[in-house]
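Below is one structure, written out as structure tokens; the observations come after it.
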Amino acid sequence: MVASGLVLGLVFGGYLPYAREIGTVALIVAMTLALSEIQLKGLSLASEVRAFSQALGWNYVGLTGLILAFALLTPDPDLRAGWVVMAAVPSAIAVVPLTSIAKGDVRGALVSTALLYALSLALVPAITLVFVGRAPPLLDLAVQTFLQIGLPLLASRVLVRLPGIERVRPVGVNLSFFVLVTMVAGANRSAFADLGLVVSLSGAALLRTFGIGLAVAGVATLARRSSADKVSWILFSSFKNLGLTALLAFSLFDRRAAIPAIVCLLFEILWLASYPFVVRGPKGLVRSGPGAGGVGGGIHR
128 MVASGLVLGL VFGGYLPYAR EIGTVALIVA MTLALSEIQL KGLSLASEVR AFSQALGWNY
188 VGLTGLILAF ALLTPDPDLR AGWVVMAAVP SAIAVVPLTS IAKGDVRGAL VSTALLYALS
248 LALVPAITLV FVGRAPPLLD LAVQTFLQIG LPLLASRVLV RLPGIERVRP VGVNLSFFVL
308 VTMVAGANRS AFADLGLVVS LSGAALLRTF GIGLAVAGVA TLARRSSADK VSWILFSSFK
368 NLGLTALLAF SLFDRRAAIP AIVCLLFEIL WLASYPFVVR GPKGLVRSGP GAGGVGGGIH
428 R
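When we follow my numbering, the leftmost residue of the sequence shown carries the number 128, and every step to the right adds one.
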């Protein structure tokens, strides 16, 4: 389904009105449906410290460090600024619904994501200020955090009370991802007109998604981590909020500063399409069973 959305978006991107707006709504819907499967009663931040520390390490130490290395190796100042903004932003919101699809720890993913976004209110300005001398407005970050986490969380409390929501949820999440990928690919199709620039960034984009994702999957397997830990490690180590990256890069710097995010977005979509095979693997990074069918049966068919 993800692969189909990518092809449709790239082919028909010029004919998709309000692609960005529709894509944003699709992401909010996917997030809302995913959150409807968790109960917030008895939620204790203290009990989620372990999950958050892992998410923080993989996303803001491992992945951010790798992206900053790309920035330091990039001579073009606009492209370098784009890499720095990408390094500064938190994990993709899609980590939460993807955790749901993979039958991972959704509550842990939600709490970790929420805390990463709260921390990003300080980290995004600090990292961009240190490495490129400019910082985005805190108000913009706060609004995006509410739209992408707060609003879906509030809406999910209504859905959780509806009978039969558990039957609708898997289909709704997968359809939302299909619409999201189609719209995002279509909205950014024009960025691939400069094939030379795209090719020059593709090596770094490949390492930033498939490279680190597969490496962390291997580490998780060798360390004999639980299924929930493996899902969390893979997702938090390989996904950044590239929509927010492009928005901030474009508003703070030249239009070219958004290109690294757009190129990486293509590879993130391809990584997303490959993700079910990675988490299952030939021997199964996440065991396939009655509850794990959503991994293989959902987002790539």
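Heads up, the beta-carbon is just placed ideally off N, CA and C, and yes, glycines get one too.
With 16 or more neighbouring CB atoms inside 10 Å of its own CB, residue 343 falls in the buried class. Within the stretch 265-290, the complete alpha helix (DSSP H) runs of at least 4 residues fall at 265-272, 278-286.
Here the alpha carbons of residue 358 and residue 404 stand approximately 12 Å from one another. The C-beta separation of residue 315 from residue 216 comes to about 17 Å, leaving the pair out of contact by the 8 Å criterion.
Residue 263 places its beta carbon 8 Å or farther from that of residue 137. In the structure shown, residue 357 adopts helical secondary structure according to DSSP, grouped into three states.
Counting every other CB atom within 10 Å of its CB across the protein chains shown gives residue 244 a total of 16 or more, marking it as buried. Look at the beta carbons and you see the stretch 133-148 not touching the stretch 187-198: under three pairs across the two are nearer than 8 Å. Excluding residues up to 5 positions away in sequence, 132, 149, 150, 153 lie with their Cβ nearer than 8 Å to the Cβ of residue 306 in the same chain. The beta carbons of residue 220 and residue 275 sit closer together than 8 Å. The Cβ neighbour count for residue 321, taken over all protein chains shown within 10 Å, is under 16; the residue is labelled exposed. Shown here, residue 261 sits in coil according to DSSP, grouped into three states, outside any helix or strand. Distance from the CA atom of residue 224 to the CA atom of residue 232, rounded to whole angstroms, is 11 Å. Taking C-beta atoms under 8 Å as the contact rule, residue 159 and residue 282 qualify, at a distance of about 5 Å.
Annotation for residue 156: 303 place their beta carbon closer than 6 Å to its own, counting only its chain and skipping 5 residues before and after. Counting the other Cβ atoms within 10 Å of the Cβ of residue 375 gives 16 or more, which makes it buried. Across the set 331, 214, 147, the C-alpha of 214 shows the shortest separation from the C-alpha of residue 257. Rounded to whole angstroms, the Cβ separation of residue 296 and residue 163 is 6 Å, and the two are in contact under 8 Å. Counted as a single uninterrupted DSSP element, the stretch harbouring residue 218 is not any alpha helix (DSSP H), since DSSP gives it neither H nor E. With respect to residue 211, residue 259 sits close: the two C-beta atoms are nearer than 8 Å.
If the five residues before and after residue 206 are omitted, its C-beta is found closer than 8 Å to the C-beta atoms of 328, 383, 384, 386, 387, all from its own chain and listed in chain order. Sequence-distant Cβ neighbours of residue 139 in its own chain, meaning closer than 7 Å and more than five residues away, are 313.
Collapsing the DSSP output to three states places residue 378 in a helix.
By the neighbour-count criterion, in which 16 or more other beta carbons inside 10 Å mark a residue as buried, residue 166 falls on the exposed side.
A Cβ-Cβ contact shorter than 8 Å links residue 364 with residue 190. In this structure, DSSP gives residue 366 a state outside helix and strand, which the three-state scheme calls coil. Annotated as distal: residue 222 and residue 377, with beta-carbon spacing of 8 Å or more.
The distance from the Cβ of residue 406 to that of residue 229 is about 5 Å, consistent with a contact at the 8 Å cut-off.
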